[in-house]
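Residue numbers (this note's numbering), protein chains in the order written: chain G, 7 to 102; chain Z, 7 to 102; chain H, 7 to 102; chain D, 7 to 102.
So, in structure tokens, the structure goes:
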């Protein structure tokens with residue numbers, strides 16, 4: 007399947023209005039999440055991992071105890087694409 | 007640590023009143039859960055797995071797509087113990 | 007995408023020769039696995055879950071401590087299809 | 007249970023000889039791992055997560071596709087303790 011093309015800054019700004027938990031910086035989308043516990047954080051990460059593998063589009067992410075930071079970008083396109091917003095929407099749905 | 011002792015039928019019935027999603031049958035506690043998707047089901051299972059390993063008390067469970075069946079029993083005690091209710095409470099907290 | 011069609015008993019027998027850990031029974035493929043620990047068993051299950059979601063083809067499976075039983079069948083086709091062997095191959099690759 | 011006390015640089019150097027994949031820097035132990043795929047990487051992460059929760063000692067870690075970076079330190083002790091080496095040994099056992 008064709009990979010999505012890079013969105014312009016205006017297109018990103020418009021789409022971000024529907025995803026208020028995300029910020030656009032360094033050519034990627036970033037969201038920080040805090041959970042009740044590590045158990046909750048890693049259960050969430052597993053759900054995101056399943057969606058990421060299904061989309062064949064994977065996050066750059068880190069975890070420390072109950073905190074998770076997710077960065078989404080499409081390397082082939084050199085920036086943010088519709089695919090990143092698709093994964094962001096899944097993250098938002100599964101976030102507490 | 008000492009393993010918990012088997013609860014009597016009366017003790018189980020009393021505790022079950024706080025866990026209405028569980029049924030007591032065949033010397034174990036059973037709960038069936040249905041999720042929106044496999045992604046949600048397996049994310050939940052991962053959280054339960056983390057708690058189970060922490061408690062060193064593991065479920066007998068099965069999964070088919072968005073459905074999960076969990077059975078809790080304490081083999082060493084030959085029935086249901088306080089440990090099963092501890093894990094049941096975690097399951098209930100993490101269920102949708 | 008078109009779903010695969012049901013394989014004949016002869017086709018299944020031929021393919022099973024490359025997957026000696028699986029048995030064909032009740033219109034499905036079954037494999038039992040035993041791991042060193044629950045930690046190993048559930049790590050394996052997570053890898054299988056990721057492949058299953060990617061393939062949009064999910065197992066019927068159960069777990070008790072370090073043991074996992076996986077049954078593969080394609081309900082829409084009423085039996086075993088090429089898709090089941092695709093997932094079986096992934097299971098075999100990730101098994102210890 | 008009492009939390010472990012911070013190890014000296016000499017003690018760390020001695021223990022590191024048994025864990026050649028780890029480096030000691032910035033008061034922590036770090037290991038980088040590369041897997042065949044995201045599926046393998048996340049299956050591994052799940053096993054580590056289970057051990058971490060069991061030990062009540064969690065890593066700082068990040069993942070990008072098939073790569074995982076793990077940093078171990080004991081914040082309460084202000085450096086590396088025996089607990090970090092316990093978790094490092096589990097990571098080593100589960101690494102490919």
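Every residue, glycine too, gets a C-beta built ideally from N, C-alpha and C.
In this chain, the beta strand (DSSP E) harbouring residue 74/G covers 73-78. About 17 Å separates the beta carbons of residue 90/G and residue 56/G, which is beyond the 8 Å limit, so they are not a contact pair. With the rule of 3 Cβ pairs closer than 8 Å, the segment 55-72 of chain Z does not count as touching the segment 69-77 of chain G.
In terms of Cβ geometry, residue 102/Z and residue 48/Z do not form a close pair [threshold 9 Å]. By DSSP's assignment, residue 67/G forms a beta bridge with 76/G and 69/D. Chain H has a Cβ within less than 9 Å of the Cβ of residue 45/D. Look at residue 57/Z: its C-beta is under 9 Å from a C-beta on chain D. Residue pairing for residue 31/Z: DSSP places it in a beta bridge opposite 34/Z. For residue 92/H, not one C-beta of chain G is nearer than 9 Å to its own C-beta. Rounded to the nearest whole angstrom, the CA to CA distance from residue 26/D to residue 46/D is 22 Å. Look at residue 40/Z here: in three-state DSSP terms it is strand. Taking C-alpha positions only, residue 21/Z is separated from residue 94/D by approximately 40 Å.
Residue 85/D has 80/D as its beta-bridge partners, per DSSP. With 16 or more other Cβ atoms from the protein chains shown falling within 10 Å of its own Cβ, residue 18/Z counts as buried.
It is roughly 31 Å from the alpha-carbon of residue 39/H to the alpha-carbon of residue 100/G. In the DSSP assignment, residue 16/H falls within the unbroken alpha helix (DSSP H) covering 15-22. Residue 66/G has a beta carbon lying within less than 9 Å of a beta carbon in chain D.
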